[in-house]
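Below: the structure, in structure tokens.
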Amino acid sequence: MNRPMACILWFVSAAAMCLSAGCTRGERSEAVPTLTVMTHDSFKVSEKVVKDFEGTFDCKVTFLKAGDAGAALNQTILSKKNPLADVFFGIDNTFMGRALKEDLFEPYRSPMLQDIPDDLNLDRSGRLLPVDFGDVCLNYDRAWFARSGVAPPATLEDLTGPAYRGLLVVENPATSSPGLAFLLATVGHFGEDGYLEYWKGLRSNDVLVTAGWEDAYWGQFSAASKGTRPIVVSYASSPPAEVHFSKEPLDESPTAVVAAPGTAFRQVEFVGIVKGTRQPALARKWVDYMLDIPFQEDIPLQMFMFPANSKAVLPDVFRKHAAVPREPVIVAPERISSNREAWIEAWTDTVLR
12 MNRPMACILW FVSAAAMCLS AGCTRGERSE AVPTLTVMTH DSFKVSEKVV
62 KDFEGTFDCK VTFLKAGDAG AALNQTILSK KNPLADVFFG IDNTFMGRAL
112 KEDLFEPYRS PMLQDIPDDL NLDRSGRLLP VDFGDVCLNY DRAWFARSGV
162 APPATLEDLT GPAYRGLLVV ENPATSSPGL AFLLATVGHF GEDGYLEYWK
212 GLRSNDVLVT AGWEDAYWGQ FSAASKGTRP IVVSYASSPP AEVHFSKEPL
262 DESPTAVVAA PGTAFRQVEF VGIVKGTRQP ALARKWVDYM LDIPFQEDIP
312 LQMFMFPANS KAVLPDVFRK HAAVPREPVI VAPERISSNR EAWIEAWTDT
362 VLR
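First residue of the sequence shown: 12, per the working numbering; consecutive thereafter.
What follows is the structure, encoded as structure tokens:
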């Protein structure tokens, strides 16, 4: 064989080998399993936490943000014959009853449940597993009350008294998650026979209602805005958030919470494996990971919720500035599912009409 022809054949052979190697790499890349996790828009997690999981299990995790928890749940219901995701995170106990009724999730009893307190594990069927929790409660402006000489409220009943007239801003339960949670706190505390009378008292005492948390907290709350209302419905994690995001170092949060028994509603957020997942084994590993320490200890400063795992260590800003309300109100998920719309409608008739 002459030299030119030998060179041509060598080049063709080498090119073929490169193409073959390229195909192999492409096939290997495509073979890496992808886990799709549907979440609400407020979901956040550190990149390192996700990368550690991907590296451990040689996979790719993608997140599909689908609006608030209610909107994301609606998408999951509408697509249950052809699921959009393998795992769903973000259903809370206000939507749990509906989610379970729709039969969207596979049962899975993660070994990590041994580190989750029983009072957070609301679904005994194992379809929805608790990941985090937060208490919706009254927050107040420390400086305003120090200047005014009025004592901060200690109970829900205090808010109907003359000393607190025109001081409270709340969110509409028809359009706001914390607004709904506070309504449920009053239902649980006063009972179905008494909660509307309580709201009549708040209305008579000049309660201000906003469409959502952002306007209530950043627009009307005196500690966080130029607003004039020194009491707002917010979260037990709001005081540490104030310290964490402050431009100047703070020894004390400008806000505090009312933590007395029966004054807060506990929201618990859950994760579930979607029926019809194409990655059942990987989905179970991801659920385990969400309940394990690395993910759990990432939650407070990402989503400003409390980790469900009792062994997770809270960051300093939470330990110093967060107060977990004692004996929060918990209304059974199935009761919420059955009565949510009626309670909201009755509230609307009482407070807004």
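Here a beta-carbon is modelled for each residue, glycine too, at the ideal position from N, C-alpha and C.
Starting from the C-beta of residue i, find all residues in its chain whose C-beta is less than 6 Å away, skip the five residues before and the five after it, and write them out in chain order.
{"i": "Val-282", "result": "Phe-100, Leu-140, Val-142, Val-298 and Met-301"}
{"i": "Thr-50", "result": "Phe-74, Lys-76, Phe-100 and Gly-101"}
{"i": "Tyr-209", "result": "Thr-197 and Phe-201"}
{"i": "Val-328", "result": "Pro-251, Val-254 and His-255"}
{"i": "Ser-257", "result": "none"}
{"i": "His-57", "result": "His is not the amino acid found at residue 57; the sequence shown has Ser there. Only Asp-309 meet the Cβ criterion."}
{"i": "Val-362", "result": "Trp-210 and Arg-214"}
{"i": "Leu-264", "result": "Checking the displayed sequence, the identity of residue 264 turns out to be Ser instead of Leu. Excluding sequence neighbours, Ser-264 sits near Pro-250, Glu-253, Val-254 and His-332."}
{"i": "Glu-338", "result": "Pro-272"}
{"i": "Gly-212", "result": "Thr-171"}
{"i": "Val-61", "result": "Val-72"}
Could you check which residue in the options has the C-alpha nearest to that of residue i?
{"i": "His-72", "options": "Ser-53, Gln-290, Glu-263 and Ser-257", "result": "For the sequence presented, residue 72 should be read as Val rather than His. For Val-72, the nearest C-alpha among the options comes from Gln-290."}
{"i": "Ile-102", "options": "Leu-194, Leu-89, Gln-125 and Phe-144", "result": "Phe-144"}
{"i": "Ile-127", "options": "Asp-360, Asp-303, Glu-352 and Thr-359", "result": "Asp-303"}
{"i": "Gln-324", "options": "Pro-311, Ala-334, Val-335 and Ala-343", "result": "Before going further, note that residue 324 is Val rather than Gln in the sequence given. Nearest C-alpha to Val-324: Pro-311."}
{"i": "Pro-94", "options": "Gly-108, Asp-114, Asn-104 and Met-107", "result": "Asp-114"}
{"i": "Glu-65", "options": "Asp-52, Gly-81, Ala-82 and Thr-47", "result": "Thr-47"}
{"i": "Val-342", "options": "Leu-191, Leu-293 and Pro-260", "result": "Leu-191"}
{"i": "Thr-186", "options": "Ser-349, Ala-247, Gly-81 and Gly-238", "result": "Gly-81"}
{"i": "Pro-44", "options": "Ser-348, Thr-221 and Ala-292", "result": "Ala-292"}
{"i": "Ser-248", "options": "Thr-87, Val-61, Ala-334 and Gly-108", "result": "Ala-334"}
{"i": "Asn-85", "options": "Thr-67, Asp-69 and Lys-112", "result": "Lys-112"}
{"i": "Arg-346", "options": "Asp-97, Phe-106 and Thr-87", "result": "Phe-106"}
{"i": "Ser-349", "options": "Val-61, Ser-321 and Arg-109", "result": "Arg-109"}
{"i": "Val-181", "options": "Met-123, Ala-294, Ala-222 and Leu-124", "result": "Ala-222"}
{"i": "Leu-9", "options": "Asp-226, Arg-351, Ser-321 and Pro-336", "result": "Nothing can be reported for residue 9: it is not among the residues displayed for the chain, which extend from 12 to 364."}
{"i": "Val-147", "options": "Ile-88, Lys-237 and Pro-336", "result": "Pro-336"}
{"i": "Lys-92", "options": "Lys-286, Asp-360 and Ala-294", "result": "Lys-286"}
{"i": "Ala-353", "options": "Arg-158, Asp-79, Glu-203 and Glu-225", "result": "Glu-203"}
Helix or strand or just coil, what does DSSP make of residue i?
{"i": "Thr-105", "result": "coil"}
{"i": "Met-49", "result": "strand"}
{"i": "Gln-307", "result": "helix"}
{"i": "Lys-296", "result": "helix"}
{"i": "Arg-346", "result": "helix"}
{"i": "Ser-235", "result": "The identity of residue 235 in the sequence shown is Ala, whereas the question assumes Ser. Coil."}
{"i": "Leu-124", "result": "helix"}
{"i": "Lys-211", "result": "helix"}
{"i": "Thr-266", "result": "strand"}
{"i": "Gln-313", "result": "helix"}
{"i": "Arg-277", "result": "strand"}
{"i": "Phe-256", "result": "coil"}
{"i": "Ser-90", "result": "coil"}
{"i": "Phe-99", "result": "strand"}
{"i": "Leu-30", "result": "Because Leu-30 carries a pLDDT of 44, less than 50, the predicted location of this residue cannot be relied on, and the following value inherits that uncertainty. Note: Leu-30 maps to helix in three-state DSSP."}
{"i": "Val-340", "result": "strand"}
{"i": "Asn-85", "result": "helix"}
{"i": "Leu-112", "result": "At residue 112 the sequence reads Lys, which differs from the Leu that was named. Lys-112 falls in the helix class under three-state DSSP."}
{"i": "Ala-353", "result": "helix"}
{"i": "Lys-55", "result": "coil"}
{"i": "Gly-130", "result": "Per the sequence presented here, residue 130 reads as Asp, with Gly not at that position. Residue state, collapsed to three classes: helix."}
{"i": "Glu-203", "result": "coil"}
{"i": "Ser-248", "result": "coil"}
{"i": "Asp-69", "result": "coil"}
{"i": "Val-43", "result": "coil"}
{"i": "Asp-63", "result": "helix"}
Could you pull the DSSP bridge partners for residue i from this structure?
{"i": "Glu-117", "result": "Ile-284"}
{"i": "Ile-242", "result": "Tyr-151 and Leu-179"}
{"i": "Thr-221", "result": "Glu-182"}
{"i": "Phe-74", "result": "Val-48"}
{"i": "Pro-318", "result": "Asp-143"}
{"i": "Val-328", "result": "DSSP output for Val-328 lists no bridge partner at all."}
Among residues of its own chain, excluding the 5 on either side of residue i, which ones have a beta-carbon nearer than 8 Å to its beta-carbon?
{"i": "Phe-156", "result": "Ala-162, Pro-163 and Pro-241"}
{"i": "Phe-54", "result": "Phe-74, Lys-76, Phe-100, Gly-101 and Met-314"}
{"i": "Gly-172", "result": "Asn-216"}
{"i": "Ala-319", "result": "Ile-127, Pro-128, Leu-131, Pro-141, Val-142, Asp-143, Phe-144, Val-279, Leu-302 and Gln-307"}
{"i": "Ile-355", "result": "Pro-184, Ala-185, Leu-191 and Leu-194"}
With a threshold of 7 Å on Cβ separation, who are the neighbours of residue i within its own chain once the five nearest residues in sequence on each side are excluded?
{"i": "Leu-149", "result": "Pro-164, Ile-242, Val-244, Val-268, Val-269 and Thr-274"}
{"i": "Gly-137", "result": "Pro-118, Tyr-119 and Arg-120"}
{"i": "Val-279", "result": "Asp-103, Asn-104, Leu-131, Leu-133, Pro-141 and Phe-144"}
{"i": "Ala-174", "result": "Val-161"}
{"i": "Tyr-206", "result": "Thr-197 and Val-198"}
{"i": "Trp-358", "result": "Pro-184, Leu-194 and Trp-210"}
{"i": "Asn-63", "result": "For the sequence presented, residue 63 should be read as Asp rather than Asn. Same-chain partners within the cutoff: Pro-305."}
{"i": "Asp-69", "result": "Val-43"}
{"i": "Ser-233", "result": "Asp-152, Trp-155, Thr-239, Arg-240 and Pro-241"}
{"i": "Thr-266", "result": "Asn-150, Tyr-151, Asp-152, Arg-153, Ala-234, Ser-249, Pro-250 and Glu-253"}
{"i": "Asp-52", "result": "Lys-76, Gly-78 and Asp-79"}
Does the ligand NAP have a heavy atom nearer than 7 Å to the CB of residue i?
{"i": "Val-56", "result": "Annotation note on the ligand NAP: not contained in the displayed structure, which lists no ligands."}
- Query: Of all the beta strand (DSSP E) runs that stay within the bounds of the region 134-193, which reach a length of 3 or more residues?
  - Reply: 140-152 and 179-182
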